[in-house]
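Numbering (our numbering), first residue to last: 1 to 384. Quick reminder that beta carbons are idealized off the backbone N, C-alpha and C, glycines included. Encoded as structure tokens, the structure appears first; notes follow it.
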Ligand code: SF4
């Protein structure tokens, strides 16, 4: 491959490379910007239109660990129901959690509500544009603060997430793992920020990482940085970032107990406010221990009944994977404190995390008493 070109790139300073690279990226963005419901297109930003900081903040919180396609319908429902920071601050927290159900990482929703209350109560309903002040707010870390500052306020902040780290480690063929190269990448990213168009630049980087320089099979022929990309010129774009193989997540195990009434109603309760899935609705479950070995069994059920094992559902959280045994019983008992019977025809509208929804679907399918999910073939226990 063209080693001369690589050598030329490597002898240029960051500042020399940055101006041209930024201009090429912004030109590409003008033509290829994704249309997103929280975004103001580059053609509208040019004469001065800026997005509502509330919408930028909401989208950035929702996009943490979550794909754009998943976020869009949630975002649209949220802004239809709570169109501004004041309405979200005044909202009932249970309703906010309910509207978040299925989006995952529920601590984000609790932080979102707290942040809205602080902005409404202590900042006169306006988001600060200052990076340091933004980072004092619940749920806003360095990346989210930089994204809000750049996109909503055109502050020259570099919003650096995993996508940006991947792109820059390829463009500069950085021969160190990201964890070591982070200070260098920060410097490279900051040097690229366009002082006149920081908001467009931040969103252009996001779009490049999401649509062209993807983790697998980067689309180098359509990349605005092909000419200066060291990884491309060496014909090894997928070699970078170096050493990013993730260690396997530890496995935990637990059990969910699905009690079903004669009418088909399912016993639900609200989980404790803190911890994983805190404050969300679900069937009674055990703790999720750190140990994988050994079945949990019906002995751990919340009350004595003819519990039957239906199978196992699997779910991957940020720090561990979970195998959840699913047990079911039929019962006429009265709900305990903090519990309720959720009618079969209302289960779809209950605000359940996807893990809990999967467990209930499995139990109902095995019982064959609901159209909520199809029964498994041959009457075998199912794994989901
Ligand atoms: Fe990524 Fe390829 Fe573009 Fe380099 S040329 S930044 S590897 S898409």
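Could you round the C-beta distance between residue 199 and residue 45 to whole angstroms and report it? I think they count as a contact, below 8 Å.
6 Å
Let me know the secondary structure DSSP gives residue 416 once reduced to three states.
This structure does not reach residue 416, given that the chain is present from 1 up to 384, and the question cannot be answered.
Using only CA atoms, which one of 196, 203, 43 lies nearest to residue 163?
203
Label residue 155 either buried or exposed according to how many other C-beta atoms from any shown protein chain fall within 10 Å of its C-beta, with 16 as the threshold for buried.
buried
Extent of the continuous alpha helix (DSSP H) run through residue 68:
68 to 81
Residue environment, residue 80, which counts as buried when at least 16 other CB atoms sit within 10 Å
exposed
Quick one: Cα of residue 71 to Cα of residue 360, how far?
24 Å
Taking 7 Å as the cut-off, does the CB of residue 28 come closer than this to any heavy atom belonging to ligand 1?
no
Thinking C-alpha only, which one of 184, 102, 42 is nearest residue 280?
102
Can the beta-carbon of residue 262 be found closer than 8 Å to that of residue 327?
no
Taking buried to mean at least 16 other C-beta atoms within 10 Å of its own C-beta, is residue 158 buried or exposed?
buried
Would residue 316 be called buried (16 or more neighbouring beta carbons within 10 Å of its own) or exposed?
exposed
Nearest to residue 28 by alpha carbon, out of 112, 207, 87?
207
Taking just the CA atoms, how far does residue 310 sit from residue 366?
6 Å
Which residue comes first and which comes last in the alpha helix (DSSP H) that contains residue 253?
Segment 251 to 260 is the beta strand (DSSP E) holding residue 253; no alpha helix (DSSP H) there.
For ligand 1, any of its heavy atoms closer than 7 Å to the Cβ of residue 234?
no
Taking the CB atoms as reference points, tell me whether residue 319 and residue 249 lie closer together than 8 Å.
yes
Note the first and the last residue of the continuous alpha helix (DSSP H) segment covering residue 131.
131 to 134
Under a Cβ-count criterion, where at least 16 other Cβ atoms within 10 Å of its own Cβ denotes burial, should residue 216 be classed as buried or exposed?
exposed
Once DSSP output is grouped into helix, strand and coil, what is the label at residue 364?
helix
Which of helix, strand or coil does DSSP assign to residue 55?
helix
Just the Cα atoms here: how many angstroms apart are residue 50 and residue 190?
22 Å
Which value, in whole angstroms, describes the spacing of the CA atoms of residue 67 and residue 82?
22 Å
Would you say the beta carbon of residue 218 is closer than 7 Å to some non-hydrogen atom of ligand 1?
yes
Does residue 248 come out as helix, strand or coil in the three-state DSSP assignment?
coil
Residue 364 versus residue 38: straight-line alpha-carbon distance, rounded
39 Å
Residue 171: beta carbon under 7 Å from a heavy atom of ligand 1?
yes
C-beta contact flag for residue 325 and residue 312 at 8 Å
yes
For the stretch 116 to 134 and the stretch 89 to 96, state whether three or more C-beta atom pairs, one from each stretch, are separated by less than 8 Å.
yes
Beta-carbon proximity list for residue 139, same chain, < 7 Å, skipping 5 on both sides:
61, 108, 111, 112, 115
What do you reckon, are the CB atoms on residue 173 and residue 230 nearer than 8 Å?
yes
Residue 278 and residue 272 - do their beta-carbons sit closer together than 8 Å?
yes
Ordered along the chain, which non-local residues of its own chain (more than five positions away) have a Cβ less than 8 Å from that of residue 19?
none
Give the range of the alpha helix (DSSP H) segment to which residue 192 is assigned.
178 to 192
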